[in-house]
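Peer 1: For reference, the structure I am asking about is given below.
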Amino acid sequence: MSDFTKKTIAKKSEDIAAWYNDIVLRAELADYSAVKGSMIIRPYGYAIWEYTQKTLDPWFKEDGVENAYFPLLIPYELIEKEKEHLEGFSPELAVVTHAGGKKLTSNYVVRPTSETIMYRTFAEWIHSYRDLPMKINQWCNVVRWEKRTYPFLRTSEFLWQEGHTVHTTELEAIGMALKALEWYKRFYEEYFAISVYAGIKSKRETFAGAKTTYAIEMVIPDGKALQAATSHNLSDNFANVFDISFLDEQGKKQHPFQTSWGLSTRSIGGLVLVHGDDNGLVMPPKVAPVQAVIVVIGAKEEAAQTKLQTYAMEIHKQLIAHGIRTKIDTDFSHSLGYRINEWEMRGVPVRIEIGSKEIDKDSITCVRRDNFEKSQTSSETISEHVSEILTTMQADLLTKSEKNKRELTVEATSYDEFKKIMNSKRSFIRVPWCENAVCEEKVKKETKATSRVLELDRIKKTESTTCVFCGKKASRKWLFAQAY
RNA sequence: CGGGGCAUGGCCUAAUUGGCUAAGGCGCAGCGUUUGGGACGCUGAGAUUCCGAGUUCGAGUCUCGGUGCCCCGACCA
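Residues in the first sequence are numbered from 1410 upward in steps of one, following this note's numbering.
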């Protein structure tokens, strides 16, 4: 690591929280804003969100999900309708009390999520079994007035997509909720190169108003958990409250079953935390705003300089034609070391160095961001060579993430052991649990850990054992960890 | 919302413990020299010392009130 980096950016290996704050600002992913707890997503950070949208949106549409837009403001009476839902969100609502220069007779809530505003309208749209399933998604912002905020990971306002579907049977709704969960898992693994846990949430962690919540949990290198996406089986809870009904094939009136599912800009925070290193960000090639950068190393004589730039532009053109998002850096006002460090900090997957040496031998130097591996190739084969590096790096990052997840997941057979782990080298701990909320409360108070998920393949009760916390009967092993 | 800390050009810090025109580094702009792992010289722009009141001959420094930010808890995608 360079002296400069040492001085200005905290080391991830020493203080991940300080490192995270520094890198988000320095790499120009985000900036603080005039509004408490809110942040500005800068172009480099927003580009990652755009790739997220470009990837997920077609998957949704293929499944018949249509995009729509519902209003930002929700009448207070509406959000009050589902009691549990209101209770879950009321501490963090932003409320509009004045408009048009006057105090409003009834207030509006800035949406913390859109179930209520959408479902009153769904009630008008749905009359027959022929209208179902109905699948609506919106890409939007929501506001939740969190007490403690953190760039990307927890901000007062954040961007997300929220999918909302309506089905004739609960079985179909569950299928939908699981399909959304599968999309998220696939997205994280194939695009963000992050190995995640997918499972079911405990009662305590279930979404306000849902019957069942499924979630994606990410293992952060410091052993903490980041809830990376959720998908809910709302059953007929909201349908009853908002009086959504349809006539079935027999002409009988029935309440439908619903789901909602979302993934937010929090995902970008996870991406930073999982892959970054002491030198800065490491972008998985598939979502990297810039996949390759050509760093042109200046020459002394003008003729050589001109030749160099022409050569570099030619390479640039080739890479672009090959579909590789490439930038060319000819900023000779900064030293080479400075430029290299800046690109490394931004996590650009491949750095291509072009100087007089490269031209003379027609041998171009490529450097991979994640392992700093150097390789040589000719101007003829550059595109294929870079493509290959990008593919390999994408795969290697996922493998590394899998390894990290495995190493940070342990099993405990007693509460003492559990506590010892949480107090020393924090991690995910898989333990048999009786699934009683009292246990979970106690564990949280004593160790800060909460249940994260019951992994999908462990839902079928298989074991006959005892709860590590209370000693009562337990049949399934849950993952516990300290949440972000 | 409880407990602790901080507030000085865009950023980091200094200012003899209440004393003269608020200093330096980074960054920024201009010119020139440099360029194979965070270069250098010269010149320049940039400040109501968070806000308000008070004490004093005199306040960045002391007192009171307010505001904002950071860290630690409870809440959370």
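Even for Gly, the Cβ is constructed at its ideal location relative to N, Cα and C. Remember, it's a predicted structure, so these values are computed and weren't measured experimentally.
State the Cα-Cα distance for the pair residue 1487 and residue 1479, rounded to the nearest angstrom.
Peer 2: Reading the first sequence from its first residue, position 78 is the one you call residue 1487. Reading the first sequence from its first residue, position 70 is the one you call residue 1479. Whole-angstrom Cα-Cα distance: 14 Å.
Peer 1: Following the continuous alpha helix (DSSP H) through residue 1595, name the residue where it begins and the one where it ends.
Peer 2: As a first step, residue 1595 is located in the first sequence; it is residue number 186 there, counting from the start. That run of the alpha helix (DSSP H) goes 1579–1595.
Peer 1: Taking the alpha carbon of residue 1456 as the reference point, which residue from 1796, 1501, 1755 and 1666 has its own alpha carbon closest?
Peer 2: On the first sequence, position 47 is the one that residue 1456 refers to. Closest by alpha carbon: 1755.
Peer 1: Could you say which of 1742, 1757, 1732 and 1641 lies nearest to residue 1701 if we only look at CA atoms?
Peer 2: Counted from its first residue, the first sequence places residue 1701 at position 292. Among 1742, 1757, 1732 and 1641, the Cα nearest to that of residue 1701 is on 1757.
Peer 1: Does the Cβ-Cβ distance between residue 1602 and residue 1796 come in under 8 Å?
Peer 2: Residue mapping note: residue 1602 aligns to position 193 of the first sequence, counting from 1. Residue mapping note: residue 1796 aligns to position 387 of the first sequence, counting from 1. No, they are not a contact pair.
Peer 1: CB-CB under 8 Å to residue 1363, same chain, minus the five flanking residues each way: which ones, in chain order?
Peer 2: What is shown of the chain runs 1410 to 1893, which leaves residue 1363 out entirely.
Peer 1: Output the distance between the C-alpha atoms of residue 1503 and residue 1550, rounded to the nearest integer angstrom.
Peer 2: By 1-based counting over the first sequence, the position of residue 1503 is 94. By 1-based counting over the first sequence, the position of residue 1550 is 141. Each residue's Cα considered, the two are about 13 Å apart.
Peer 1: Identify which residue in 1481, 1510 and 1493 has its Cα closest to the Cα of residue 1619.
Peer 2: Taking the first sequence and counting its residues from 1, the one referred to as residue 1619 is at position 210. With distances taken between CA atoms, residue 1619 lies nearest to 1493 out of 1481, 1510 and 1493.
Peer 1: Quick one, are the C-beta atoms of residue 1670 and residue 1644 less than 8 Å apart?
Peer 2: Locating residue 1670 in the first sequence gives position 261, where the first residue counts as 1. Locating residue 1644 in the first sequence gives position 235, where the first residue counts as 1. For residue 1670 and residue 1644, no; Cβs fall outside 8 Å.
Peer 1: On the CB-based measure, 16 or more other CB atoms within 10 Å of its CB, does residue 1746 come out buried or exposed?
Peer 2: As a first step, residue 1746 is located in the first sequence; it is residue number 337 there, counting from the start. Residue 1746 comes out exposed.
Peer 1: Name the DSSP bridge partner or partners of residue 1872?
Peer 2: Within the first sequence, numbered from 1, the residue matching residue 1872 stands at position 463. Residue 1872 is not bridged to any residue.
Peer 1: Is residue 1796 helix, strand or coil when you go by DSSP?
Peer 2: For the purposes of this step, residue 1796 is taken as residue 387 along the first sequence, with counting starting at 1. Note: residue 1796 maps to helix in three-state DSSP.
Peer 1: For residue 1760, report the span of its beta strand (DSSP E) as first-last.
Peer 2: The sequence position of residue 1760 within the first sequence is 351, counting from 1. Start and end: 1759–1763.
Peer 1: Only counting runs of 4 or more residues, tell me where the alpha helix (DSSP H) segments fall wholly within the region 1777–1858, in order along the chain.
Peer 2: Taking only runs of at least 4 residues, the alpha helix (DSSP H) segments lying wholly in the region 1777–1858 are 1791–1816, 1824–1832 and 1846–1856.
Peer 1: Please name the residue or residues paired with residue 1566 in a DSSP beta bridge.
Peer 2: In the first sequence, residue 1566 corresponds to position 157, counting from 1. Beta-bridge pairing links residue 1566 to 1552.
Peer 1: Ordered along the chain, which non-local residues of its own chain (more than five positions away) have a Cβ less than 8 Å from that of residue 1458?
Peer 2: By one-based count along the first sequence, residue 1458 stands at place 49. So the list reads 1450, 1568, 1674 and 1677, once near-sequence residues are dropped.
Peer 1: Label residue 1422 either buried or exposed according to how many other C-beta atoms from any shown protein chain fall within 10 Å of its C-beta, with 16 as the threshold for buried.
Peer 2: As a first step, residue 1422 is located in the first sequence; it is residue number 13 there, counting from the start. Answer is exposed; the Cβ neighbour count stays below 16.
Peer 1: Are at least three pairs of beta-carbons, each pair with one atom in the region 1621–1638 and one in the region 1590–1608, less than 8 Å apart?
Peer 2: Short answer: they touch.
Peer 1: Candidates 1852, 1621, 1625 and 1767: which alpha carbon is nearest residue 1605's?
Peer 2: By one-based count along the first sequence, residue 1605 stands at place 196. Selected option, being the one with the closest Cα: 1625.
Peer 1: Quick check: the Cα distance between residue 1481 and residue 1524, rounded to an integer number of angstroms?
Peer 2: For this step, residue 1481 is matched to residue 72 along the first sequence. For this step, residue 1524 is matched to residue 115 along the first sequence. Taking the straight line from one Cα to the other gives about 12 Å.
Peer 1: Following a CB-centred definition, is residue 1558 positioned closer than 7 Å to any heavy atom of the ligand FMN?
Peer 2: This structure simply doesn't include the ligand FMN, nor any ligand for that matter.
Peer 1: Can you tell which of 1789, 1780, 1681 and 1418 has its C-alpha closest to the C-alpha of residue 1727?
Peer 2: Here the question's residue 1727 lines up with position 318 in the first sequence. Comparing Cα positions, the closest option is 1789.
Peer 1: Classify residue 1462: buried if its beta carbon has 16 or more other beta carbons within 10 angstroms, exposed otherwise.
Peer 2: Mapped onto the first sequence, residue 1462 falls at position 53. Residue 1462 comes out exposed.
Peer 1: Following the continuous beta strand (DSSP E) through residue 1679, name the residue where it begins and the one where it ends.
Peer 2: The sequence position of residue 1679 within the first sequence is 270, counting from 1. Note, residue 1679: premise wrong, no beta strand (DSSP E); alpha helix (DSSP H) at 1675–1684.
Peer 1: From residue 1505 to residue 1732, what does the alpha carbon distance come to, in whole angstroms?
Peer 2: In the first sequence, residue 1505 corresponds to position 96, counting from 1. In the first sequence, residue 1732 corresponds to position 323, counting from 1. Distance between the alpha carbons of residue 1505 and residue 1732: 47 Å.
Peer 1: I believe residue 1846 touches residue 1612 by the beta-carbon criterion, under 8 Å. Please report the beta-carbon distance rounded to the nearest angstrom.
Peer 2: For this step, residue 1846 is matched to residue 437 along the first sequence. For this step, residue 1612 is matched to residue 203 along the first sequence. Between residue 1612 and residue 1846 the Cβ distance is about 6 Å, and since that is below 8 Å, they are a contact.
Peer 1: Does the distance from the CB of residue 1474 to the CB of residue 1544 come in under 8 Å?
Peer 2: Here residue 1474 corresponds to residue number 65 of the first sequence, with the count starting at 1. Here residue 1544 corresponds to residue number 135 of the first sequence, with the count starting at 1. Yes, the pair counts as a contact, with Cβ atoms nearer than the cut-off.
Peer 1: Hey, is the region 1567–1587 in contact with the region 1654–1668, meaning 3+ C-beta pairs nearer than 8 Å?
Peer 2: Touching, yes.
Peer 1: With a cut-off of 8 Å on the beta carbons, I'd call residue 1694 and residue 1803 a contact; round off their distance for me.
Peer 2: Residue mapping note: residue 1694 aligns to position 285 of the first sequence, counting from 1. Residue mapping note: residue 1803 aligns to position 394 of the first sequence, counting from 1. Confirmed, Cβ separation roughly 5 Å.
Peer 1: Suppose contacts are defined by Cβ-Cβ distances below 8 Å. Is residue 1813 in contact with residue 1630 by that definition?
Peer 2: As a position in the first sequence, residue 1813 is number 404, starting the count at 1. As a position in the first sequence, residue 1630 is number 221, starting the count at 1. Cβ distance < 8 Å, so residue 1813 and residue 1630 count as in contact.
Peer 1: Who pairs with residue 1691 in a beta bridge, going by DSSP?
Peer 2: For this step, residue 1691 is matched to residue 282 along the first sequence. Residue pairing by DSSP places residue 1691 in no beta bridge whatsoever.
Peer 1: Using only the alpha-carbon positions, how far apart do residue 1680 and residue 1508 sit?
Peer 2: Locating residue 1680 in the first sequence gives position 271, counting from the first residue. Locating residue 1508 in the first sequence gives position 99, counting from the first residue. Each residue's alpha carbon lies about 39 Å from the other.
Peer 1: Report yes if the CB atom of residue 1824 is closer than 8 Å to the CB atom of residue 1763, and no otherwise.
Peer 2: Within the first sequence, numbered from 1, the residue matching residue 1824 stands at position 415. Within the first sequence, numbered from 1, the residue matching residue 1763 stands at position 354. Contact: no.
Peer 1: Rounded to a whole number of angstroms, what is the C-alpha to C-alpha distance between residue 1874 and residue 1848?
Peer 2: Position 465 of the first sequence, counting from 1, holds the residue named residue 1874. Position 439 of the first sequence, counting from 1, holds the residue named residue 1848. Distance between the alpha carbons of residue 1874 and residue 1848 is about 16 Å.
Peer 1: How should residue 1659 be labelled, buried or exposed, when 16 other C-beta atoms within 10 angstroms of its C-beta is the threshold for buried?
Peer 2: Residue numbering aside, residue 1659 sits at position 250 when the first sequence is read from its first letter. Burial call: exposed.
Peer 1: Spatial neighbours of residue 1857 within its chain, please: CB distance less than 6 Å, with the 5 preceding and 5 following residues excluded, ordered by chain position.
Peer 2: If you number the first sequence from 1, residue 1857 lands on position 448. Correct list, in chain order: 1891.
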